[in-house]
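Take 33 as the starting number for the sequence shown in my numbering and just add one per residue.
Just so it is clear, CB atoms sit at the ideal spot from N, CA and C, and this is done for glycine as well.
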Amino acid sequence: MRTAMSRQELGAGVDFLVVGAGIIGLSIAREIKRRQPTAAVAVIEKELDVGEHTSGRNSGVLHAGFYYAADSLKARFCRDGNRRLRAYCEAKGLPVNACGKLVVVANDGEQGTLDVLFDRARANGIDVKEVSDKQAREIEPRARTKGRALWSPTTASIDPGLLMHALKADAIEAGIFLHFGAAFLGRDGDVVRTSLGPIAARYVVNAAGLYADKIALLYGFSQNTRILPFKGVYLHSDEPPGALATHVYPVPNLKNPFLGVHFTVTVDRRVKIGPTAMPAFWREHYGGLGGFNPLELGEIIGRQLGLAFGAKFDFLGLAREEMKKYRRSTLVSQAARLVDDVRPAHYRRWGQPGIRAQLLRLKERELEMDFVIEGDARSMHVLNAVSPGLTCALPFAEHIVDEIEARLGIVRQTPPPPAMYEEAEEPARMEQPTKPKRTRKPPASKTRPPKPSTSS
Ligand SMILES: Cc1cc2nc3c(=O)[nH]c(=O)nc-3n(C[C@H](O)[C@H](O)[C@H](O)COP(=O)(O)OP(=O)(O)OC[C@H]3O[C@@H](n4cnc5c(N)ncnc54)[C@H](O)[C@@H]3O)c2cc1C
């Protein structure tokens, strides 16, 4: 099976050129090929394999969808994205840990925000339950909460690296041409300049993650937005698998797009704290001087300084709080508010960090909360594909391809054939991981039955 085109063929032209082989780029390429099997679809990726950046460096959580305002794209895609990625992983034999999530309350001041999460869950058709502190302890005996908590049975964990490789194999099988070590360098009209040579592209889809704004600018988009990178680091516990039965998250500050220090249970039932949301000083600033780019350093520090005055959110306060989390003891003690018996001695190993391609609105000086796409009849640009971008990838990619088709004037009389994992039935009820001596019976729901989501 051919996996790539020759330079000559690329020079002669492709129908669709996708920039970036992260989960968003690969999902879009697959969706285009599914709808237009005879189209020549190529993906260029500057790294030598998939998942080198955010798609391979995240928490691997399939979010349920109760954090997001009902009118957002995130809300529209999260519930179905969770269900479909879980079904995809199961169909491919990839592991899924259907461990669920507790959102616990630290003080009475957080009760109102917890109510907002319940309201959003209802509006978004998400299955959550209000549980008492006693019931929360039945779910996770170490959980600490004030009075009540939110229980989300559909939150789960997967292995993002395995997922990316499965998507890559699917893309190859579908006849998509994947070009690794191929960087987008610029454009001359409809010809894209790449490190492989020129590629004539009828349509360009920019899914370049941390560099998406730079590429969008070359096509006249992202005029009022720039990526402001935030780094997420993790601390791994050396406790045995199953030390926590479920994810334990705090009530978030809904004014910013980050979820606060929390405990994630990985697909292999191990525990990690994080990710943080520390300002990064260049786009691929994972650690040390790796990926160092002096131009980006100047640009990003300048932007961060600009936010010190007149931003719509407290950037300096956020930065100060986040930078403290580079101290292991601080990060562990903050997380220790959520569960009992957290011992710093268990948390000695830092994990692989990831960087959020967070969009900043320049005029308004505020962080963008939702996914953003901008495009026309020649190109489409995916901006702010931040969390829960992994969870949402499949339905989000369909939406993006709908938007591309609309701009190309393609009118579909009948929906395109479903992908093999696009099962129509309701998801099977998630099973709880079993652990001896722990009763994990979710209590009966006190909330109204979920309304059907408005998403497709
Ligand atoms: C710390 C962290 C934790 C997260 N946890 C979760 C989670 O638990 N659940 C969830 O749903 N979401 C999570 N997310 C969000 C999720 O990971 C992202 O939404 C998703 O991975 C974005 O995918 P992407 O394809 O847009 O970006 P990427 O994976 O970054 O892909 C973009 C690709 O474009 C390539 N590229 C860039 N520039 C060029 C160029 N010039 N030429 C060619 N190629 C280029 C890059 O090399 C990269 O491979 C998390 C994110 C972070 C940072």
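Which listed residue (the options) has its alpha carbon closest to that of residue i
i	options	result
residue 351	308, 327, 385 and 391	308
residue 38	59, 74 and 94	74
residue 278	174, 201 and 202	174
residue 185	418, 168 and 155	168
residue 367	386, 52, 106 and 135	135
residue 424	56, 49, 51 and 52	56
residue 157	128, 200, 107 and 144	107
residue 50	42, 306, 206 and 60	60
residue 176	418, 163 and 187	163
residue 130	144, 191 and 149	191
residue 171	274, 438, 242 and 325	274
residue 412	287, 436 and 420	436
residue 180	187, 160, 188 and 196	160
residue 47	165, 222 and 310	222
Near ligand 1: residue i beta-carbon under 8 Å from a heavy atom
i	result
residue 120	no
residue 323	no
residue 288	no
residue 63	no
residue 489	Because the chain in this structure spans residues 33 to 488, residue 489 falls outside the shown range and cannot be described.
residue 260	no
residue 360	no
residue 254	no
residue 243	yes
residue 95	yes
Three-way DSSP call (helix, strand, coil) for residue i in this model
i	result
residue 36	coil
residue 423	helix
residue 403	coil
residue 59	helix
residue 220	strand
residue 74	strand
residue 466	Note that residue 466 has pLDDT 36, beneath the 50 cutoff, so the model's placement of it is unreliable and no number is given.
residue 105	helix
residue 181	strand
residue 47	strand
residue 357	coil
Test item: CB-CB of residue i and residue j under 9 Å
i	j	result
residue 415	residue 245	yes
residue 276	residue 364	no
residue 405	residue 261	no
residue 398	residue 345	yes
residue 58	residue 82	yes
residue 79	residue 209	no
residue 258	residue 392	yes
residue 87	residue 306	no
residue 256	residue 248	no
residue 382	residue 360	yes
residue 201	residue 62	no
residue 45	residue 214	no
Chain D contact for residue i (CB, 9 Å cutoff)
i	result
residue 48	Of the chains in the structure shown, none is chain D; there is only one protein chain.
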